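Asker: Structure provided below as structure tokens; questions to follow.
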Amino acid sequence: MFFRMVKGTFVKQWKKMLMLALTIALGASIATAMLSVMLDVGDRINEELKAYGSNIIVVPQSEAVRSKLYDIEGESVETDYLREQRIGELLTIFWANNITDFAPISDTYADFDGSEVKLIGTWYNHHFEFSKKGSVYERDTGIINLRTWWDIVEGQWLDEQSIGSGEYAMVGSLLAREHGIKVGDRISVTTENSSEILTVVGLYDSGDIDDSHIYTTLPVVQRLSNTENLIKKIEVSAITSPTDELAIKAAKNPSLLSGDEYDLWYCTAYVSSICFQIQEAIAEASATAVRQIADSEGKILEKTELLMSLITFMSLVGATLGVSNLVTSSVMERSGEIALLKAVGAQNIQITTLLLTEFLITAVFGALGGYFMGYGFAEIIGRSVFSSSVEMSGMVAFVVTVLIFSITILGSIPAIRIVLKLRPSEVLHGGH
Amino acid sequence: MRSDRQFFFRQILSSALRRRSRMIIAILAIIVGASILSGLEMIYYDVPRQMSSEFRVYGSNVIFSPSSEMDISEESIREALSLIPQKALEGYTPYRYENTKIHNMPVTLAAVDFDSASRTSPYWHIDGAFPSSDGEVLVGAKVAEELSISVGSLISCEQTLEITEEIDTSKISSYEIYTDPETGEAYADHKLDLKVSGILDTGGSEEEYVYMSYSDASYLTLVDRGYDIVEVSIASTHSELQNILSRINQSALDISAKPVKRVTASEGQVLKKLQALFFIVTVVVLVLTMICVATTMTAVIAERRSEIGLRKVLGASDSQIVTQFMTEGLMLGGLGGILGAILGYFFAQYVSMNVFASSITMRPVVILVTILVSVLITGLASLVPIKNAVKVDPALVLKGE
Chain A
417 MFFRMVKGTF VKQWKKMLML ALTIALGASI ATAMLSVMLD VGDRINEELK AYGSNIIVVP
477 QSEAVRSKLY DIEGESVETD YLREQRIGEL LTIFWANNIT DFAPISDTYA DFDGSEVKLI
537 GTWYNHHFEF SKKGSVYERD TGIINLRTWW DIVEGQWLDE QSIGSGEYAM VGSLLAREHG
597 IKVGDRISVT TENSSEILTV VGLYDSGDID DSHIYTTLPV VQRLSNTENL IKKIEVSAIT
657 SPTDELAIKA AKNPSLLSGD EYDLWYCTAY VSSICFQIQE AIAEASATAV RQIADSEGKI
717 LEKTELLMSL ITFMSLVGAT LGVSNLVTSS VMERSGEIAL LKAVGAQNIQ ITTLLLTEFL
777 ITAVFGALGG YFMGYGFAEI IGRSVFSSSV EMSGMVAFVV TVLIFSITIL GSIPAIRIVL
837 KLRPSEVLHG GH
Chain B
309 MRSDRQFFFR QILSSALRRR SRMIIAILAI IVGASILSGL EMIYYDVPRQ MSSEFRVYGS
369 NVIFSPSSEM DISEESIREA LSLIPQKALE GYTPYRYENT KIHNMPVTLA AVDFDSASRT
429 SPYWHIDGAF PSSDGEVLVG AKVAEELSIS VGSLISCEQT LEITEEIDTS KISSYEIYTD
489 PETGEAYADH KLDLKVSGIL DTGGSEEEYV YMSYSDASYL TLVDRGYDIV EVSIASTHSE
549 LQNILSRINQ SALDISAKPV KRVTASEGQV LKKLQALFFI VTVVVLVLTM ICVATTMTAV
609 IAERRSEIGL RKVLGASDSQ IVTQFMTEGL MLGGLGGILG AILGYFFAQY VSMNVFASSI
669 TMRPVVILVT ILVSVLITGL ASLVPIKNAV KVDPALVLKG E
């Protein structure tokens, strides 16, 4: 009898039930889409913030301040170097997957067109292979992704993968203007060690001191400065977790942490733990966070996540009210039917169970449809804004299910109680 | 005619009163929809401005440098700053650079005002404290390492000064003037003892400098002059920033203002993504909420089919019924829209205060659009079910089928 009645409702009142299911689906899809985007927004914005360039610098441990402070013209300065073959150790650390880009950098002063110019040798889109203990690590990396703010005013980026790491150069716009350099020109640079002829492939505008420099490939600078297989520093861009109390405590001295704290710190992608691991991997190096970039990321992330979670909360409240509203109104609508049931002797509990069963069945279909619809919306948002898909977590499905069922029950019970209080004779007489 | 109109409004009023619960449900749906609309719209419009202010944690985004050989005077800084809207100016720090020697090692010293430096460079991490008075100095981590000095150390800066007319030799007594026997130029060795109040750690080139107050620098060099560079933090969108910079560069001041490309270009890129995110989120949430409002309105009207049937039997024409129901719907939409827009404003304000600790700009256009959209959606949502309802044969409806 009970199931026949439930079936009857869905057969005879399918339009109303469909409308209810549709509204529940809409509510569920808002909840799914917003929650998924909210949970994912941190990672996505973190990736976008990589536009600011490297957040970790790796230098030789005993690097003397002297070499940087006085670039005394013509005078050779003693400097410490890192060995180029050690770069690959970066990829062996615990958080290697969080390292998005890195580039070794070496520089030297050379005589160009009668004046002293700084030459920087680095990787552009270098294909890098490193093998250690039987595992092979491969990366395409370089400075292109670490200088996103550069404008290429003429020509193009030095494309190592198609032209090789040979005698090519990119020239700063200021220097190019002073010396009338154009793309395709061959420029000659000389040091006491050697002399090189470089082909200009691009002119860039960086908006800073680099505009008066020449960027070339690493081997060229190494030959010019007679430092084969040596580099001055490595710029590293890593995705990091925002700094919190534990990170601050650890940054002072990791050995002061308790065992558990140390494990937690080591296994969290804090900028300080990544630096620590780099130093473990490359013993002669010192890795430091670039605070301007590393600290700021955390603050921007925090704001974005807070903003997103408040908007999500508001959308959830909206969806909740929308769904419970319609559930309430569809109970009201059926007051005649409820009164009739009462008049023929049905007990309140029976009527409540009947209605709840019907609503919950509708809610199951609505929520299921809504979940996939919401997944679609989240995907649209992810693809169109960040051109990557939004990760779906099981937690979202769980939260949405709980939310929809509690809305359905909470939205219908008060209405059912009101209707049950009405006297059947009045309702059936049409006096409501 | 007049009584007709009275009757019309009495009908609407009584329907609102008698069917209170349904009306509440309908208007609640509209209010929720409208407040989401106005709230999200306001947040969307304000995000670039608010976020730009947050992005100043990356440091200053504009550099003033002298356009001539001269240094920058305080008056021209003040005049240039007056060309920037007060609301957008987050802070500025003039720097004056000098070469000096500490314990016989040459270093570059930068004279700054520490209060403003901490505002334009929020990422400065200091072991110890900012200098609180003259005679205290902030030392970059690399210099500190090289000189093996720590917080609390006493250092002395030595300056070899060429005695020229600029120098006020009467000011100080702790120097000795001597003459270079070859050139005949007069020199003085001037010393200043300072206490290290903090070590600066940034991971960048700032670690290679020594920072002190303007008056200490003037005392050390015996010259009181202008500034070499001014770091300015301006919170504004990309195009506004371009306008501000061109205004300053076109003014007759001896200042050339340039954006710090690394900061401005990257910020533009990230902000573009953020705004796109909020745009699409707003659109998706809006579309879904509007459909929600529409289904609720449809349900509320479909329920009143027997009323429509009765009215038809009593001789009301289809157009009369449609007009009456539409008026009801539009009035609901308008009322819900007004209440929702106000509620949305408070919501946006709450979000803004919590996230950015600054108030949101009230935009009358947003309120107006919200009300119009609510009326439009409610109207459209009512139209279809009403049209369907009047088509029905009254006899069937009243019989209860």
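As you go down the protein sequences, you meet chains A and B in turn.
Residue 525 in the working numbering sits at position 109 of the first sequence; the count goes up by one each step and never skips.
Residue 472 in the working numbering sits at position 164 of the second sequence; the count goes up by one each step and never skips.
Glycine is no exception: its CB is placed at the ideal position from the N, C-alpha and C atoms.
Predicted, not measured: the structure shown is a model, and the values here were computed from it.
(1) Identify which residue in A:T633, A:D624, A:E464 and A:I625 has its Cα closest to the Cα of V617 (chain A).
(2) Which residues in chain A have a C-beta closer than 7 Å to the C-beta of A337 (chain B)? List them in chain order.
(3) Using a Cβ-Cβ cut-off of 8 Å, state whether R707 (chain A) counts as contacting chain B.
(4) Rank B:T472, B:E362, B:I332 and B:L345 by C-alpha distance to the C-alpha of F664 (chain B) and give the top, closest one.
(5) Based on the DSSP secondary-structure assignment, which residues constitute the bridge partners of K534 (chain A)?
(6) Quick check on the DSSP output: the alpha helix (DSSP H) that includes E382 (chain B) runs from which residue to which?
(7) Using a C-beta cutoff of 8 Å, does Y468 (chain A) count as contacting chain B?
(8) I'd like to know whether the C-beta atoms of Y540 (chain A) and L507 (chain A) end up nearer to each other than 8 Å.
(9) Apply the 10 Å Cβ neighbour rule to T491 (chain B) and answer buried if 16 or more other Cβ atoms are within range, or exposed otherwise.
(10) Out of A:D660, A:S657, A:S653 and A:W566, state which residue places its alpha-carbon closest to the alpha-carbon of L619 (chain A).
(11) Compare the Cα-Cα distances from F419 (chain A) to each of A:S841, A:K431, A:F781 and A:Q766 and report the closest residue.
(12) Let's test the definition: count the other Cβ atoms within 10 Å of the Cβ of H411 (chain B) and tell me whether it reaches 16, buried, or not, exposed.
(13) Could you name the residues of the stretch 426–447 of chain B whose beta carbon sits closer than 7 Å to any beta carbon of chain D, in the order they occur along the chain?
(14) Under DSSP, the alpha helix (DSSP H) around H542 (chain A) begins and ends at which residues?
(15) Which residues, in order along the stretch 365–378 of chain B, keep a beta-carbon less than 7 Å from a beta-carbon of chain A?
(16) Among A:I440, A:S611, A:T704 and A:V569, which one has its Cα closest to the Cα of V637 (chain A)?
(17) Give the straight-line distance between the Cα atoms of K484 (chain A) and L722 (chain A), rounded to the nearest whole angstrom.
(18) Tell me whether the stretch 557–570 of chain B and the stretch 384–397 of chain B touch, counting them as touching only if at least three CB pairs, one residue from each stretch, are closer than 8 Å.
(19) Short check: CB of T686 (chain B) to CB of G641 (chain B), under 8 Å?
(20) Can you tell me whether D509 (chain B) sits near the ligand GTP, meaning its C-beta is under 7 Å from at least one heavy atom of the ligand?
(21) Note down, in chain order, all residues in the stretch 572–584 of chain B with a beta-carbon under 7 Å from any beta-carbon belonging to chain A.
(22) Put C465 (chain B) into one of helix, strand or coil per three-state DSSP.
(23) Mind listing the chain A neighbours of N662 (chain B)? Cutoff is C-beta to C-beta under 8 Å, in chain order.
(24) Is T472 (chain B) buried or exposed, if buried means 16 or more other CB atoms sit within 10 Å of its CB?
(25) Where does D423 (chain B) fall in DSSP's three states?
(26) Is the CB of Y486 (chain A) under 8 Å away from at least one CB in chain B?
(27) Measure from the C-beta of G490 (chain A) to each C-beta in chain B and report whether the shortest distance is under 8 Å.
(28) Taking F422 (chain B) as the reference, give the member of B:V674, B:W432 and B:I609 with the closest Cα.
(29) For the candidate residues B:S376, B:F655, B:E575 and B:L446, whose alpha-carbon lies nearest to that of S667 (chain B)?
(30) To the nearest whole angstrom, what separates the beta carbons of F586 (chain B) and V355 (chain B), a pair I think is in contact under 8 Å?
(31) What are the start and end residues of each continuous alpha helix (DSSP H) run of 4 or more residues lying completely inside the stretch 555–620 of chain A, in chain order?
(32) Check the Cβ of G782 (chain A) against every Cβ in chain B and list those closer than 8 Å, keeping chain order.
(33) V474 (chain A) versus chain B: which residues are under 9 Å apart at the beta carbon?
(34) CB-CB under 8 Å to G506 (chain B), same chain, minus the five flanking residues each way: which ones, in chain order?
(35) Please compile the residues from chain A whose C-beta is within a distance smaller than 8 Å of the C-beta of R570 (chain B).
(36) Does the beta-carbon of P658 (chain A) have 16 or more other beta-carbons within 10 angstroms, so that it is buried, or is it exposed?
Answerer: Let me lay it out:
(1) Mapped onto the first sequence, residue 617 (chain A) falls at position 201. Among A:T633, A:D624, A:E464 and A:I625, the Cα nearest to that of V617 (chain A) is on A:T633.
(2) One-based indexing of the second sequence puts residue 337 (chain B) at position 29. Chain-ordered, the chain A residues with CB closer than 7 Å to the CB of A337 (chain B) read G738 and N741.
(3) Your numbering for residue 707 (chain A) matches position 291 in the first sequence. Answer yes: the Cβ-Cβ gap between R707 (chain A) and chain B drops below 8 Å somewhere.
(4) Here residue 664 (chain B) refers to the residue found at position 356 when the second sequence is read from its first residue. When each option's Cα is compared against that of F664 (chain B), the closest is B:E362.
(5) Numbered from its first residue, the first sequence carries residue 534 (chain A) at position 118. The bridge partners DSSP lists for K534 (chain A) are A:Y525.
(6) Taking the first residue of the second sequence as position 1, residue 382 (chain B) is located at position 74. E382 (chain B) -> alpha helix (DSSP H) spans E382 to S390.
(7) Taking the first residue of the first sequence as 1, we reach residue 468 (chain A) at position 52. Yes, Y468 (chain A) lies at the interface with chain B (some Cβ there is under 8 Å from its Cβ).
(8) On the first sequence, position 124 is the one that residue 540 (chain A) refers to. On the first sequence, position 91 is the one that residue 507 (chain A) refers to. No, they are not a contact pair.
(9) In the second sequence, the residue the question calls residue 491 (chain B) occupies position 183. Classification for T491 (chain B): exposed.
(10) Translated into the one-based positions of the first sequence, residue 619 (chain A) becomes position 203. For the residues A:D660, A:S657, A:S653 and A:W566, the minimum Cα distance to L619 (chain A) belongs to A:W566.
(11) Taking the first sequence and counting its residues from 1, the one referred to as residue 419 (chain A) is at position 3. Residue A:Q766 is the option with its Cα nearest to F419 (chain A).
(12) Reading the second sequence from its first residue, position 103 is the one you call residue 411 (chain B). With fewer than 16 other Cβ atoms within 10 Å, it is exposed.
(13) In the displayed structure, chain D is absent; the protein chains listed are A and B.
(14) Here residue 542 (chain A) refers to the residue found at position 126 when the first sequence is read from its first residue. No alpha helix (DSSP H) holds H542 (chain A); the beta strand (DSSP E) holding it covers H542 to K548.
(15) Within the stretch 365–378 of chain B, the qualifying residues are V365, Y366 and G367.
(16) For the purposes of this step, residue 637 (chain A) is taken as residue 221 along the first sequence, with counting starting at 1. In terms of CA proximity to V637 (chain A), A:S611 leads the group A:I440, A:S611, A:T704 and A:V569.
(17) As a working mapping, residue 484 (chain A) is identified with position 68 in the first sequence. As a working mapping, residue 722 (chain A) is identified with position 306 in the first sequence. At K484 (chain A) the pLDDT is 43, less than 50, meaning the model places this residue with poor confidence; the figure from the coordinates comes in the next sentence. Answer to the nearest angstrom: the Cα atoms are 41 Å apart.
(18) yes
(19) Position 378 of the second sequence holds residue 686 (chain B). Position 333 of the second sequence holds residue 641 (chain B). Going by C-beta atoms, T686 (chain B) is nearer than 8 Å to G641 (chain B).
(20) The ligand content of the structure shown is nil, which means the ligand GTP is not present either.
(21) A573, S574, Q577, V578, K581, L582 and A584
(22) As a first step, residue 465 (chain B) must be located in the second sequence, where it is residue number 157. Note: C465 (chain B) maps to strand in three-state DSSP.
(23) Stepping through the second sequence from its first residue, residue 662 (chain B) is reached at position 354. Neighbourhood of N662 (chain B) in chain A, by CB distance below 8 Å: L722 and L726, in chain order.
(24) Taking the second sequence and counting its residues from 1, the one referred to as residue 472 (chain B) is at position 164. T472 (chain B) comes out exposed.
(25) Stepping through the second sequence from its first residue, residue 423 (chain B) is reached at position 115. D423 (chain B) falls in the helix class under three-state DSSP.
(26) Along the first sequence, one-based indexing puts residue 486 (chain A) at 70. Confidence in Y486 (chain A) is poor, its pLDDT being 42 and thus under 50, which makes the residue's placement unreliable; the coordinate value appears in the next sentence. Y486 (chain A) counts as touching chain B.
(27) Position 74 of the first sequence, counted from the start, is the residue given in the question as residue 490 (chain A). Model confidence at G490 (chain A) stands at a pLDDT of 42, short of 50, so the residue's coordinates are unreliable; what they give is reported in the following sentence. The beta carbon of G490 (chain A) sits no closer than 8 Å to any beta carbon of chain B.
(28) Counting from 1 along the second sequence, the entry for residue 422 (chain B) is found at position 114. It is B:W432.
(29) In the second sequence, the residue the question calls residue 667 (chain B) occupies position 359. Closest by alpha carbon: B:F655.
(30) Within the second sequence, the letter at position 278 stands for residue 586 (chain B). Within the second sequence, the letter at position 47 stands for residue 355 (chain B). Confirmed, about 6 Å.
(31) 576–579 and 589–595
(32) As a working mapping, residue 782 (chain A) is identified with position 366 in the first sequence. Ordered by position in chain B, no residue passes the 8 Å Cβ test against G782 (chain A), which lies about 12 Å from the chain.
(33) Sequence index remark: in the first sequence, residue 474 (chain A) carries index 58 (1-based). Going along chain B, no residue has its Cβ under 9 Å from V474 (chain A), so there is no contact; the nearest lies around 11 Å.
(34) Counted from its first residue, the second sequence places residue 506 (chain B) at position 198. Correct list, in chain order: I434, D435, G436, A437, F438, P439, L446, V447 and V459.
(35) By 1-based counting over the second sequence, the position of residue 570 (chain B) is 262. Within chain A, the residues near R570 (chain B) are Y468, G469, W565, S622, G623 and D624.
(36) In the first sequence, residue 658 (chain A) corresponds to position 242, counting from 1. Per the 10 Å Cβ criterion, buried.
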